[in-house]
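Trainee: Residue numbers (this note's numbering), protein chains in the order written: chain P, 4 to 161; chain S, 247 to 506.
Before anything else, here's the structure in question.
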Amino acid sequence: MTKTTMTVNGKSVSAATEGRTLLSAYLRDGLGLTGTHIGCDTSQCGACVVHVDGLAVKSCSVFAQDIEGADVKTIEGMANADGSLSVLQQAFQDHHGLQCGFCTPGMVMSSAALLAENPNPTEHQVRDYLEGNLCRCTGYHNIVKAVMAASDQAVPAE
Amino acid sequence: MYDFTLVKPKNLADAVAAIADGAQALSGGQTLLPTMKQRLADPGTLVSLSGIPELHGVCKGDGGIIIGGATPHAVVAREAAKYYPALAALANQIGDPAVRNRGTIGGSIANNDPSACYPAAALGSGAIIQTNTREIAADDYFRGMFETALHEGEIVTGVKFPVPQKAAYIKFVQPASRFALVGAFVAQFADGVRVAITGASNNGVFRWAEAEAALSANFAPKALMGLTLPADDMISDLHGTAEYRAHLCGVMVKRAVMAA
């Protein structure tokens with residue numbers, strides 16, 4: 004085992020890793036940050052999406068040791084400093100952008116990456132960007148509404 | 247997955263030395279990690295190429311553009327757009343955004359998945375595959391499903407693309423994997439047209455000579471009327487029969503000609 008250090012949600016953290024330790028396992032088992040979900044573990048579902056140096060990645064498909072020293076943001080780092088929900092998280096709540104909630108951390112992290120890249124996406128761009136995030140409750144329409152609302156745009160009609 | 251030792255060299259020379267000892271190169275890992283999870287690979291040592299600055303980036307060179315082997319798809323989509331829009335558009339359709347932030351052109355070219363997009367761009371453009379020891383023409387590089395001209399220990403350091411007058415890549419997406427069920431890359435150069443097909447053949451990416459001849463004479467969809475490919479060597483699986491894929495080849499090439 005090796006000690007692997009990175010910055011997670013603004014704090015310098017370390018945890019023991021093997022070569023094969025995935026970033027998702029490092030976050031969940033090493034740091035106790037279980038907000039990052041493991042849905043499929045085959046990089047299909049996107050529930051484990053986090054930001055590495057500002058870019059959305061599937062944490063089940065990255066080795067922790069390969070990104071030693073990186074700046075990582077997880078769903079636990081998305082709320083405002085006072086603990087209130089961020090605009091995007093609040094929009095997910097307001098538009099019922101979640102049903103069982105399992106896919107939500109990945110949906111929020113992917114959507115946040117989209118809005119950082121493109122603050123005014125079209126509905127089509129939102130759907131396209133979320134292609135790698137699966138919601139098995141099939142709650143896609145409300146998720147898209149939440150992202151449109153969070154970017155201060157008209158929410159698609161029913 | 248089986249455990250291994252990960253090393254992360256900071257320059258190409260150290261990476262070449264590490265891989266010469268029988269280790270496996272790791273680029274973006276978007277194919278290698280799933281393979282290792284299934285215990286289909288047990289490399290012992292993985293040599294990460296992601297920390298080597300000389301393998302990153304898109305630049306304009308003599309007669310085309312050169313893309314570093316460890317350049318992620320998202321960077322190609324962004325930075326190649328002004329030089330070679332069809333190539334940038336192809337990169338922007340691989341997988342999904344999170345995969346595009348990790349997966350690399352060198353990894354894709356080295357793996358030569360029979361349904362991957364980049365092999366179609368490389369073969370369809372007549373690209374040159376650059377390694378740590380030599381340059382290989384795309385026509386000599388792709389040797390069949392998951393097979394390439396690479397030797398043990400050889401690393402794809404870059405891909406040099408000549409820029410055609412017109413080009414387009416159209417793929418029929420397999421919706422679960424987002425790989426190409428069939429994809430066609432069409433490129434028109436001053437001396438003729440190249441057509442490369444991915445996703446269809448059991449032998450991996452290939453050039454369609456009859457379509458190239460027809461399009462070189464007349465670069466229009468109607469030039470392809472009546473041209474068909476035999477289904478004998480086509481992939482047949484639950485997503486599509488060999489006959490269906492053979493048919494899609496013609497359709498995708500026509501759409502690519504219209505889009506170019």
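C-beta: ideal position from N, C-alpha, C; glycine also.
In chain order, what residues of the region 47-61 of chain P put their CB closer than 7 Å to some CB of chain S?
Mentor: Against chain S - using a Cβ distance shorter than 7 Å - the residues of the region 47-61 of chain P are 49, 52, 58, 59, 60 and 61.
Trainee: For residue 251 (chain S), which beta-bridge partners are listed by DSSP?
Mentor: The sequence position of residue 251 (chain S) within the second sequence is 5, counting from 1. In the DSSP output, where bridge partners are listed per residue, residue 251 (chain S) has S:291.
Trainee: Taking C-beta to C-beta, are residue 331 (chain S) and residue 481 (chain S) nearer than 8 Å?
Mentor: In the second sequence, residue 331 (chain S) corresponds to position 85, counting from 1. In the second sequence, residue 481 (chain S) corresponds to position 235, counting from 1. The answer is no: Cβ separation not under 8 Å.
Trainee: Who does residue 415 (chain S) pair with in a DSSP beta bridge?
Mentor: The residue you call residue 415 (chain S) lines up with position 169 of the second sequence. DSSP output for residue 415 (chain S) lists S:431 as bridge partner(s).
Trainee: How about residue 322 (chain S) and residue 276 (chain S): do their beta carbons lie closer than 8 Å?
Mentor: For this step, residue 322 (chain S) is matched to residue 76 along the second sequence. For this step, residue 276 (chain S) is matched to residue 30 along the second sequence. No, the Cβ-Cβ distance between residue 322 (chain S) and residue 276 (chain S) is not below 8 Å.
Trainee: Using a beta-carbon distance cut-off of less than 8 Å, what residues from the region 281-295 of chain S approach chain P?
Mentor: Those would be 282, 283, 292 and 294, in chain order.
Trainee: Report the rounded CA-to-CA distance for residue 23 (chain P) versus residue 268 (chain S), giving the unit in angstroms.
Mentor: Counted from its first residue, the first sequence places residue 23 (chain P) at position 20. Counted from its first residue, the second sequence places residue 268 (chain S) at position 22. Computed Cα separation, rounded: 18 Å.
Trainee: At 8 Å on the CB atoms, spell out the chain P contacts of residue 418 (chain S), in chain order.
Mentor: Taking the first residue of the second sequence as 1, we reach residue 418 (chain S) at position 172. Those within 8 Å of residue 418 (chain S) in chain P number zero; the least Cβ separation is about 16 Å.
Trainee: Can you check which of these residues, S:339, S:248, S:403 and S:253, is closest to residue 316 (chain S) by C-alpha distance?
Mentor: If you number the second sequence from 1, residue 316 (chain S) lands on position 70. Checked all of S:339, S:248, S:403 and S:253; the closest Cα to residue 316 (chain S) is S:403.
Trainee: Report yes if the CB atom of residue 347 (chain S) is closer than 8 Å to the CB atom of residue 58 (chain P), and no otherwise.
Mentor: To locate residue 347 (chain S), count along the second sequence from 1; it is residue 101. To locate residue 58 (chain P), count along the first sequence from 1; it is residue 55. Yes.
Trainee: Assess, as a yes-or-no matter, whether the region 120-135 of chain P is touched by the region 143-154 of chain P under the definition of 3 or more beta carbon pairs within less than 8 Å.
Mentor: Touching, per the Cβ criterion.
Trainee: Is residue 506 (chain S) closer than 8 Å to residue 412 (chain S) when the C-beta atoms are compared?
Mentor: By one-based count along the second sequence, residue 412 (chain S) stands at place 166. By one-based count along the second sequence, residue 506 (chain S) stands at place 260. Yes, the pair counts as a contact, with Cβ atoms nearer than the cut-off.
Trainee: Residue 428 (chain S) and residue 363 (chain S) - do their beta-carbons sit closer together than 8 Å?
Mentor: Here residue 363 (chain S) refers to the residue found at position 117 of the second sequence. Here residue 428 (chain S) refers to the residue found at position 182 of the second sequence. Taking 8 Å as the Cβ cut-off, residue 363 (chain S) and residue 428 (chain S) do not qualify as a contacting pair.
Trainee: Using a C-beta cutoff of 8 Å, does residue 491 (chain S) count as contacting chain P?
Mentor: Position 245 of the second sequence, counted from the start, is the residue given in the question as residue 491 (chain S). Output row for residue 491 (chain S): interface = no.
Trainee: Which residues in chain S sit within 9 Å of residue 116 (chain P), going by Cβ to Cβ distance?
Mentor: In the first sequence, counting from the first residue as 1, residue 116 (chain P) sits at position 113. Simply 343, 344 and 347.
Trainee: Can the beta-carbon of residue 109 (chain P) be found closer than 8 Å to that of residue 50 (chain P)?
Mentor: Position 106 of the first sequence holds residue 109 (chain P). Position 47 of the first sequence holds residue 50 (chain P). In this structure, residue 50 (chain P) lies closer than 8 Å to residue 109 (chain P) by Cβ.
Trainee: Exposed or buried, residue 47 (chain P), counting other C-beta atoms within 10 Å across all chains shown (16 or more means buried)?
Mentor: Against the first sequence, residue 47 (chain P) aligns to sequence position 44. Flag for residue 47 (chain P) reads buried.
Trainee: Does the separation of the CB atoms of residue 355 (chain S) and residue 378 (chain S) fall below 8 Å?
Mentor: Locating residue 355 (chain S) in the second sequence gives position 109, where the first residue counts as 1. Locating residue 378 (chain S) in the second sequence gives position 132, where the first residue counts as 1. Cβ atoms of residue 355 (chain S) and residue 378 (chain S): not closer than 8 Å.
Trainee: Would DSSP call residue 307 (chain S) helix, strand or coil?
Mentor: Looking up residue 307 (chain S) in the second sequence gives position 61. Here residue 307 (chain S) sits in strand by DSSP.
Trainee: Quick one: which chain S residues come within Cβ less than 8 Å of residue 22 (chain P)?
Mentor: As a first step, residue 22 (chain P) is located in the first sequence; it is residue number 19 there, counting from the start. Ordered by position in chain S, the residues that pass the 8 Å Cβ test against residue 22 (chain P) are 249, 250, 251, 252 and 292.
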